[in-house]
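Data first, discussion second: the structure below is written as structure tokens.
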Amino acid sequence: MIESYAIADLTWEELDAATDETGTLLLPVGSTEQHGPHLPLGVDTFMPEAVCRRIAERSPCLLAPAIPYGVSPHHTFKPGTVTVESETFRRYVRDVCVSAGEWGIENVLLVNGHYLVQDPELEIVVRDLRTDHGIRAFHVPLVTLFADVASEIRESELSFHASEFETSMMLALFPELVEMDRAERSRDPTSRSR
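For what it's worth, the working numbering labels the leading residue of the sequence shown as 67, then goes sequentially.
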């Protein structure tokens with residue numbers, strides 16, 4: 067039995083043995099971008115990575131290192147945002163998954179912390195992996211995993227970027243990274259002042 071399912075922690079021999087136990091890979095996909103004055107730039111990567119780590123600890127699946135850069139041209143008005151072109155992003159994610167397929171991975175769950183914007187991009191990757199590479203791929207927007215619970219307990223009508231959902235998730239997962247004394251009321255998502 068393998069002690070860790072985080073592939074970055076394993077030797078190649080341990081990984082080879084792990085693929086005898088599981089053919090499923092969790093791949094956290096995020097972005098690095100502004101999240102208001104109270105949340106760190108890595109929110110969209112930290113959240114899916116933490117959720118995937120908890121899943122990997124409880125189930126027979128491997129955990130890939132997170133992809134920390136995504137399609138974020140709409141957030142470049144604030145320092146720290148890193149964006150890549152859609153085609154670059156799709157190719158990169160696909161290539162990571164195809165590489166995993168070469169060492170025995172049959173199923174890939176792309177757990178997306180940068181929902182809405184990257185959803186269509188990852189759907190294209192999923193289709194490509196399934197049709198051209200024989201990998202059973204699934205796109206899992208992080209926000210949909212918690213949609214039912216969030217709608218029941220959310221106090222705000224807003225559920226977009228850096229609002230109650232992401233702030234609550236970060237408070238639960240990484241409270242030391244949240245600066246609640248700097249939090250501001252969420253505004254219209256098209257507002258450039260957030």
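Ideal Cβ placement from N, Cα and C applies to all residues, glycine included.
Fair warning: this is a prediction, and the values are worked out from it, not measured in the lab.
| Asked | Found |
| --- | --- |
| May I ask you to list the residues that DSSP assigns as paired with Gly136? | Thr149 |
| Kindly indicate the opening and closing residues of the alpha helix (DSSP H) around Phe204. | First-last for Phe204: 202 to 207, but that is the beta strand (DSSP E), not the alpha helix (DSSP H). |
| Starting from Pro186, follow its DSSP beta bridges and name the residues at the other end. | Note: Pro186 sits in no beta bridge, so no partner. |
| Quick check on this structure: which residue in Val162, Ser70, Thr77 has the alpha carbon closest to the alpha carbon of Val95? | Val162 |
| Per DSSP, which residues does His101 bridge with? Please list them. | Leu105 |
| What is the DSSP secondary structure of Ser257, reduced to helix, strand or coil? | Residue confidence for Ser257 is low, a pLDDT of 46 falling below 50, so the modelled location carries little weight; the figure read from the coordinates is stated next. Three-state result, Ser257: coil. |
| Count the other C-beta atoms from every protein chain shown that fall within 10 angstroms of the C-beta of Ser165, then say buried if there are 16 or more, exposed otherwise. | exposed |
| Report buried or exposed for Met246, applying the criterion of at least 16 other Cβ atoms within 10 angstroms of its Cβ. | exposed |
| Measuring only the C-alpha atoms, how far is Leu239 from Met113? | 7 angstroms |
| Let me know if Val145 comes out buried or exposed under the rule of 16 or more other beta-carbons within 10 Å of its beta-carbon. | A small correction: the amino acid at residue 145 is Pro; Val does not occupy that position in the sequence shown. Per the 10 Å Cβ criterion, exposed. |
| In angstroms with no decimal places, state the Cα-to-Cα distance between Ser70 and Leu208. | 23 angstroms |
| Does the region 132 to 150 come within contact of the region 73 to 83, defined as at least 3 CB pairs closer than 8 angstroms? | no |
| Could you tell me the alpha carbon to alpha carbon distance between Ala116 and Asp75, rounded to whole angstroms? | 16 angstroms |
| State the beta-bridge partners of Thr111 as determined by DSSP. | Its beta-bridge partners do not exist; DSSP assigns none. |
| Return the chain-ordered list of same chain residues with a C-beta closer than 6 angstroms to the C-beta of Leu66, the five sequence neighbours on each side being excluded. | Outside the displayed span of the chain (67 to 260) sits residue 66, for which this structure offers no information. |
| Buried or exposed: where does Leu237 fall if 16 or more other Cβ atoms within 10 Å of its Cβ makes it buried? | exposed |
| Quick check on Pro126: does DSSP put it in helix, strand or coil? | coil |
| Tell me the rounded alpha-carbon separation between Arg258 and Pro139. | Per-residue confidence for Arg258 stands at a pLDDT of 46, beneath the threshold of 50, marking its modelled position as unreliable; no derived number is given. |
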